[in-house]
Amino acid sequence: MKKDASSSNELRRGLPMVEARDPEALEQERQTLTQINSRPHFWQRWRGYWNLSGPGWMQSALTLGAGSAGSAIFAGSIYGYKLLWVQPVAMFLGIVMFAAIGHQVLVTKARPYDVFWKKLHPVMALMWGFNVFLASVVWQFPQYSLGTAVFKDITEVLGISVPKIILALLLLTFGTWMCWSYERGSRKSIRIFERILKYMLMTMVLAFFLVVLKTGINWGELFRGLFHFHLPRDYKGITIVLGQLGAAVGINMTFLYPYTLLARGWGKEHRKLKNFDLGTSMFFPFILATSFVIIACANTLYVQGMEVKNAVDVAHALEPLVGLTTGRLIFSLGVLGMCLTTIVIEMLICGFVLSEALGFEFRGWKFRLSTMIANIGILGAFFAMPLWLPVLVSSFNLVMMPVAYIGFFILQNKKSYLGKDVNRGKRGKIWNVLLVIAILVVAVGAVVKILSLF
1 MKKDASSSNE LRRGLPMVEA RDPEALEQER QTLTQINSRP HFWQRWRGYW NLSGPGWMQS
61 ALTLGAGSAG SAIFAGSIYG YKLLWVQPVA MFLGIVMFAA IGHQVLVTKA RPYDVFWKKL
121 HPVMALMWGF NVFLASVVWQ FPQYSLGTAV FKDITEVLGI SVPKIILALL LLTFGTWMCW
181 SYERGSRKSI RIFERILKYM LMTMVLAFFL VVLKTGINWG ELFRGLFHFH LPRDYKGITI
241 VLGQLGAAVG INMTFLYPYT LLARGWGKEH RKLKNFDLGT SMFFPFILAT SFVIIACANT
301 LYVQGMEVKN AVDVAHALEP LVGLTTGRLI FSLGVLGMCL TTIVIEMLIC GFVLSEALGF
361 EFRGWKFRLS TMIANIGILG AFFAMPLWLP VLVSSFNLVM MPVAYIGFFI LQNKKSYLGK
421 DVNRGKRGKI WNVLLVIAIL VVAVGAVVKI LSLF
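The numbering used here puts the first residue of the sequence shown at 1, with every later residue one more than the last.
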């Protein structure tokens with residue numbers, strides 16, 4: 001990936017498609033946010049923040065995909081409630097790192113790829129960009145594979161026979177329409193895009209919750225699963241845990257998140273909103289959706305000792321226990337939503353990476369063409385791919401994470417970059433400790449994954 005060979009050390013800041021097209025809307029949002037921040041009670045501020053949230057939902061849309069579904073299904077069906085702790089821990093550490101990334105972007109408004117290139121090293125920028133691009137292309141294969149499979153299962157439940165190629169093309173068409181609506185660049189279109197994702201994700205979480213309502217919850221096992229921190233010692237168990245860690249926060253999310261903040265035109269005044277957005281739009285939807293899947297599989301498949309190969313098998317296994325509509329149709333709809341939202345976001349990431357690496361803006365035919373490269377993954381719909389594949393891809397993604405995390409950690413403490421907003425004092429030390437823990441976790445996961453190959 002080639003970077004514009006400019007001798008200037010001046011960082012590129014902001015996205016012209018936002019600043020130029022909607023300055024009035026951006027200023028109005030700043031005024032609204034100032035009023036919200038002045039409210040005396042936190043619940044009054046949170047109610048206002050809810051209407052302005054958005055970038056966090058895009059991270060949820062990306063991370064809740066085939067890898068999350070596969071990891072959660074295997075965790076619940078093989079280990080019951082025992083691995084419920086993994087997802088919250090993994091996502092909390094991810095939130096810590098993303099809070100730091102968001103802080104850097106909001107106080108500087110600099111484009112992260114350019115920052116990596118000029119403030120760290122061009123090799124780090126190239127490695128980061130290449131790994132993100134590669135991960136986004138590879139991840140489309142399991143999204144189309146699993147998405148088409150559950151889509152076909154839904155049509156069969158409804159008594160409709162639809163060829164697989166038609167279903168795959170429908171996913172491609174919808175994903176392209178959604179992605180290109182974001183490319184239009186106006187804040188209004190971006191907000192609409194984010195709201196569609198928000199409602200899709202809320203519907204998905206509701207679908208899995210309905211399944212859990214039917215199967216019930218073993219509260220004693222639930223608390224043990226969350227707080228006993230069971231760690232499997234066999235190869236399969238380690239792979240599942242690594243898959244859960246890799247699916248929670250992937251390397252491509254470290255690229256997507258800062259650019260979605262820039263696309264919204266957020267600045268210093270949005271820092272409190274950013275933290276709220278990460279908690280309510282990224283942390284909780286992910287934890288709820290994956291936990292519901294684990295609980296549903298634990299209550300049924302684990303208890304019965306059944307072995308599953310894919311999400312369709314899970315839906316079929318649930319059918320006699322909780323009924324056709326809830327057990328099969330709703331579960332399949334939830335998994336389809338996970339795959340569909342991820343398809344859209346992976347396309348968007350490919351567009352972001354190539355536009356930054358090759359030096360064109362996030363609009364026009366070049367951007368649209370670059371987003372379509374991700375859809376090579378539609379081939380995954382026509383090959384039998386086991387559910388283990390996205391889990392394995394998630395764990396391989398974990399190997400790529402330390403480089404990006406270390407880069408953002410260095411930047412968080414780089415005074416020449418952040419100036420007076422650099423980490424300092426007791427609060428800065430606490431943040432550094434948390435960031436180091438996040439780095440160590442992904443680094444240990446990467447080492448274990450590499451060793452497990454031999």
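Just so it is clear, CB atoms sit at the ideal spot from N, CA and C, and this is done for glycine as well.
Quick one: what's got a C-beta closer than 6 Å to Phe174's C-beta in the same chain, skipping five residues either side? none
Does Arg13 come out as helix, strand or coil in the three-state DSSP assignment? Here Arg13 sits in strand by DSSP.
Based on Cα-Cα distance, which residue from Ala296, Gly250 and Tyr81 lies nearest to Phe229? Tyr81
Given Arg47, which residues of its chain have a CB within under 8 Å of its CB, disregarding the five upstream and five downstream residues? none
Runs of beta strand (DSSP E) wholly within the region 46-108 (minimum 3 residues, chain order): At a cut-off of 3 residues, not a single continuous stretch assigned as beta strand (DSSP E) sits fully inside the region 46-108.
Count the other CB atoms, across all protein chains shown, that sit within 10 Å of the CB of Trp43; report buried if there are 16 or more and exposed otherwise. exposed
Neighbourhood of Asp4 by C-beta, 8 Å cutoff - its chain only, sequence neighbours within 5 removed: Note that Asp4 scores a pLDDT of 48, beneath 50, so its modelled location is shaky; the value from the coordinates is reported in the next line. Once the five neighbours on either side are set aside, the close Cβ partners of Asp4 are Gly359.
For Ile376, report the span of its alpha helix (DSSP H) as first-last. No residue range can be given for Ile376, since it is assigned to no alpha helix (DSSP H) and is classified by DSSP as neither H nor E.
Which residues in the same chain as Met178 place their Cβ atom closer than 6 Å to its Cβ, once the five residues preceding and following it in sequence are excluded? Val344
Residues of its chain near Val157, where Cβ-Cβ distance is below 8 Å and the 5 sequence neighbours each way are ignored: Closer than 8 Å at the Cβ level, and outside the excluded window around Val157, lie Leu324, Arg328, Leu329 and Ser332.
From what residue to what residue does the alpha helix (DSSP H) around Leu329 run? First-last for Leu329: undefined, no H or E at that position.
What is the rounded straight-line gap between the Cα of Ile238 and the Cα of Val293? 19 Å
At what residue ranges does the region 146-199 contain a whole run of the beta strand (DSSP E), taking only runs of 3 or more? none
Among Asn375, Lys426 and Gly220, nearest to Gln140 - alpha-carbon criterion: Asn375
Exposed or buried, what is Pro163 when buried is set at 16 or more other beta-carbons lying within 10 Å of its beta-carbon? Result: exposed.
Can you give the Cα-Cα distance for Leu222 and Leu84, rounded to whole angstroms? 8 Å
Let me confirm a value: Thr379 is counted as buried when at least 16 other C-beta atoms fall within 10 Å, else exposed. Which label applies? Note that residue 379 is Leu in the sequence shown here, rather than Thr. By the 10 Å Cβ count, Leu379 comes out exposed.
Nearest residue (CA-CA) to Ala135, options Gly419, Leu256, Pro88 and Gly305: Leu256
For Leu172, I'd like the list of residues in its chain whose CB is within less than 7 Å of its CB, leaving aside the five on either flank, ordered along the chain. Asn375 and Ile378
Taking the alpha carbon of Ala263 as the reference point, which residue from Leu348, Asp421 and Leu340 has its own alpha carbon closest? When Leu348, Asp421 and Leu340 are compared, the shortest CA-CA separation from Ala263 is found for Leu348.
Tell me the rounded alpha-carbon separation between Gly274 and Ile439. Note that residue 274 is Lys in the sequence shown here, rather than Gly. Each residue's alpha carbon lies about 22 Å from the other.
Look at the alpha carbon of Phe193 and the alpha carbon of Leu64, and state the distance between them as a whole number of angstroms. 17 Å
Starting from the C-beta of Phe92, find all residues in its chain whose C-beta is less than 6 Å away, skip the five residues before and the five after it, and write them out in chain order. none
Among Ile166, Glu307, Gly279 and Tyr405, which has the Cα closest to the Cα of Gln59? Gly279
Output the distance between the C-alpha atoms of Glu356 and Tyr113, rounded to the nearest integer angstrom. 7 Å
Whole alpha helix (DSSP H) elements within the region 194-239, 4-residue minimum: For the region 194-239, whole alpha helix (DSSP H) runs of length 4 or above, ordered along the chain, are 219-227.
Range covered by the alpha helix (DSSP H) that runs through Gly419: From DSSP, Gly419 is part of no alpha helix (DSSP H); its letter is neither H nor E.
Is it true that the CB of Ala404 sits closer than 7 Å to the CB of Thr254? yes
Whole angstroms are fine: how far does the CA of Gln28 sit from the CA of Asp277? So the two alpha carbons sit approximately 19 Å from each other.
Distance, Leu206 Cα to Leu106 Cα: 33 Å
Check each candidate in Thr341, Ala110, Ala99 and Phe286 and name the one with the smallest Cα separation from Trp431. Of all alpha-carbon atoms in Thr341, Ala110, Ala99 and Phe286, the one lying nearest the alpha-carbon of Trp431 is that of Ala99.
Which same chain residues, not among the five before or five after Gly216, have their C-beta less than 7 Å away from its C-beta? Asn299
Buried or exposed, going by whether 16 or more other CB atoms sit within 10 Å of the CB of Glu10? exposed
Hey, could you find the ends of the alpha helix (DSSP H) Gly305 is sitting in? Here Gly305 belongs to no alpha helix (DSSP H), and DSSP marks it neither H nor E.
Limits of the unbroken alpha helix (DSSP H) element including Leu26: Element bounds for Leu26: Pro23 to Asn37.
Look at the alpha carbon of Pro402 and the alpha carbon of Ala443, and state the distance between them as a whole number of angstroms. 6 Å
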